[in-house]
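In what follows, a single structure is set out as structure tokens and then discussed.
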């Protein structure tokens, strides 16, 4: 479906939440080193719950290593420095959605590999600096999935115990 790419993520609970997100939408998660945590981190496991076993997670030594291995047909940088609102894009299965670290965003050497029209932002209220990484990923990924008619989704959520 989609490739969700985290470039140098720093905060384990954000990565754990995104692992859960990718498992729920059938996306592949790509983690670009260096990471600010170990994949065995307790906070990452807690946030990701048991979804790690359901998620497809790959690690890559660098942005270039990811690009060489995956070669996505289309890739979009999601950043506060984006030039185009994510809602203006018509997403397709196979797109790579690329997010930067929580404190620095996407490194300039990664950002320059994207055309201006492929640098997206999520609107925020005036005076706001940024969204939480996991929240931003959820907003963009679910919009992309919606545009693909929720390809691969079940009819409804499983019944909750209790």
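In the working numbering, the protein residues as written are 459 to 620. Cβ atoms here follow ideal geometry from the backbone N, Cα and C, with glycine treated the same way.
Item checked: Which of helix, strand or coil DSSP assigns to residue 466 -> coil
Next item on the list: Hey, could you find the ends of the alpha helix (DSSP H) residue 570 is sitting in?
Entry: Premise fails: residue 570 is in no alpha helix (DSSP H) and is neither H nor E.
Next item on the list: State the Cα-Cα distance for the pair residue 600 and residue 532, rounded to the nearest angstrom.
Entry: 17 Å
Check: Tell me the DSSP bridge mates of residue 605?
Finding: DSSP output for residue 605 lists no bridge partner at all.
Item checked: Whether residue 577 touches residue 535 by CB criterion (7 Å) -> yes
Check: Nearest-angstrom Cα distance between residue 598 and residue 607?
Finding: Straight-line spacing of the CA atoms in residue 598 and residue 607 works out to 14 Å.
Note to self: For residue 529 and residue 609, I'd like the C-alpha separation in whole angstroms.
What the structure shows: 22 Å
Checklist line | Burial state of residue 585, where buried means 16 or more other Cβ atoms lie within 10 Å | finding: exposed
Item checked: Limits of the unbroken alpha helix (DSSP H) element including residue 495 -> Looking at the DSSP string, residue 495 is not in any alpha helix (DSSP H), and its letter there is neither H nor E.
Checklist line | Residue range of the unbroken alpha helix (DSSP H) whose run includes residue 523 | finding: 521-528
Notebook entry, point to check: What are the start and end residues of each continuous beta strand (DSSP E) run of 3 or more residues lying completely inside the segment 531-598, in chain order?
Noted result: 533-536, 554-557 and 577-579
Notebook entry, point to check: With a CB to CB cut of under 8 Å and the five nearest residues on each side skipped, what residues in its chain are close to residue 567?
Noted result: 521
Notebook entry, point to check: Does the distance from the C-beta atom of residue 481 to that of residue 513 stay below 7 Å?
Noted result: The Cβ atoms of residue 481 and residue 513 lie closer than 7 Å to each other.
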